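In the working numbering, the protein residues as written are 533 to 828.
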């Protein structure tokens, strides 16, 4: 089950937030608060933020796992999923951060645990630095604090142009992103499924639910700059998680932990950049002890 909740973000952009928990049952000992409103008030809030090109549903497995002890809400960020994608909207760091703050406030999640993947992790730590009263804990999943640079942005632009859109079928989507994409070093079915989830059927075939140009605009607002200073301003307990085969290297991850005032480190073996999606059990094992501590 998924329940959509509408949120108004920065500049009036309409955002879709999602709860993926099954409805609580009266008398269920695992869910002592049978009424949803009572449960929402008593359970610690968690806001899950996907990465660039992602969507809230990529967090469905994590959100359902969290739901017995937390009120877990995943946000379709602006330009993504079922949230608005206005061409003239701001796709700035400030807008993404304000959207996340609006979600926490309008959904009464504060002080929330923020869990962010990639770009969503950057949004999470920028919000924790700017609005510490809204955040009790933070999980950063596979996001670098260093500047990635102009070459990286050009590489992404070239990659978007290489997509053979429209795809004739979802099977073609899965095969291209899981096997044929030049960025794939070895077959990765989970990656194919991840991208199949961000496609929708149009008159001529399957296309992404997002505008690639908007994704590049979003990305260019952070790839040229380093974000160590904002990381150092995060006051809450923070767990930095990386996949061993992901984009965040061990040395940089451990330096991020050192810079954080209350940093901790975890890594997941045999996992890449999409580790919460393609290694859900190992991901849960890595973050559960931290969530147990900060969620009390």
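Note that the Cβ used here is the ideal one computed from N, Cα and C, for glycine as well. Bear in mind that the values here come from a model prediction, so they are computed numbers and not experimental data.
- Using a Cβ distance threshold of 8 Å, residue 647 and residue 578 count as a contacting pair.
- For residue 789, the closest of 735, 816, 694 and 761 by C-alpha to C-alpha distance is 761.
- The beta-carbon separation of residue 548 and residue 535, rounded to 11 Å, does not stay under the 8 Å limit for a contact.
- Along the length of the region 708-789, whole alpha helix (DSSP H) runs at least 4 residues long occupy 721-728, 744-752 and 760-764, reported in chain order.
- Residue 677 carries a coil assignment under DSSP once its states are collapsed to helix, strand and coil.
- Residue state for residue 802 is assigned as coil, using DSSP reduced to three classes.
- Relative to residue 541, the option among 749, 664 and 631 whose CA is nearest is 631.
- Excluding its 5 nearest sequence neighbours in each direction, residue 728 has C-beta neighbours in its own chain below 6 Å: 702, 705 and 706, listed in chain order.
- If you ignore the 5 residues before and after residue 551, its C-beta comes within less than 6 Å of the C-beta of 535 and 605, all in its own chain and listed in chain order.
- Sorting 669, 649 and 600 by C-alpha distance to the C-alpha of residue 810 places 649 at the top.
- DSSP, reduced to helix, strand and coil, places residue 584 outside both helices and strands of the structure shown, so it counts as coil.
- Only residues of its own chain outside the window of five on either side were considered, and among them 748, 751, 752, 755 and 756 have a CB closer than 8 Å to the CB of residue 685, listed in chain order.
- Residues 748 of the same chain have their beta carbon placed closer than 8 Å to that of residue 689, with the five preceding and five following residues left out of the count.
- In the three-state reduction of the DSSP assignment, residue 591 falls in the helix class.
- Around the beta-carbon of residue 591, 16 or more other beta-carbon atoms lie within 10 Å, marking it buried.
- In this structure, the CA atom of residue 740 is about 14 Å from the CA atom of residue 616.
- In the structure shown, residue 632 adopts helical secondary structure according to DSSP, grouped into three states.
- Following the DSSP letters along the chain, one finds residue 820 in no beta strand (DSSP E) but inside the alpha helix (DSSP H) bounded by residues 812-826.
- When the beta-carbon positions are compared, residue 667 and residue 644 come within less than 8 Å of each other.
- The beta carbon of residue 599 sits closer than 6 Å to those of 553, all from its chain and outside the five residues before and after it, given in chain order.
- Runs of the beta strand (DSSP E) spanning 3 or more residues and lying entirely within the region 595-632 occur at 603-608, in chain order.
- Counting along the chain, residue 551 sits inside the beta strand (DSSP E) bounded by residues 546-551.
- For residue 823 against residue 815, the beta-carbon gap comes to about 12 Å, at or over 8 Å, which does not count as contact.
- Counting of Cβ neighbours within 10 angstroms places residue 576 among the buried residues, the total reaching 16 or more.
- For the pair residue 738 and residue 767, the CB atoms are not nearer than the 8 Å cut-off.
- When secondary structure is reduced to three states using DSSP, residue 701 falls in the coil class, being assigned neither helix nor strand.
- For residue 659, the enclosing alpha helix (DSSP H) has its first and last residue at 651-662.
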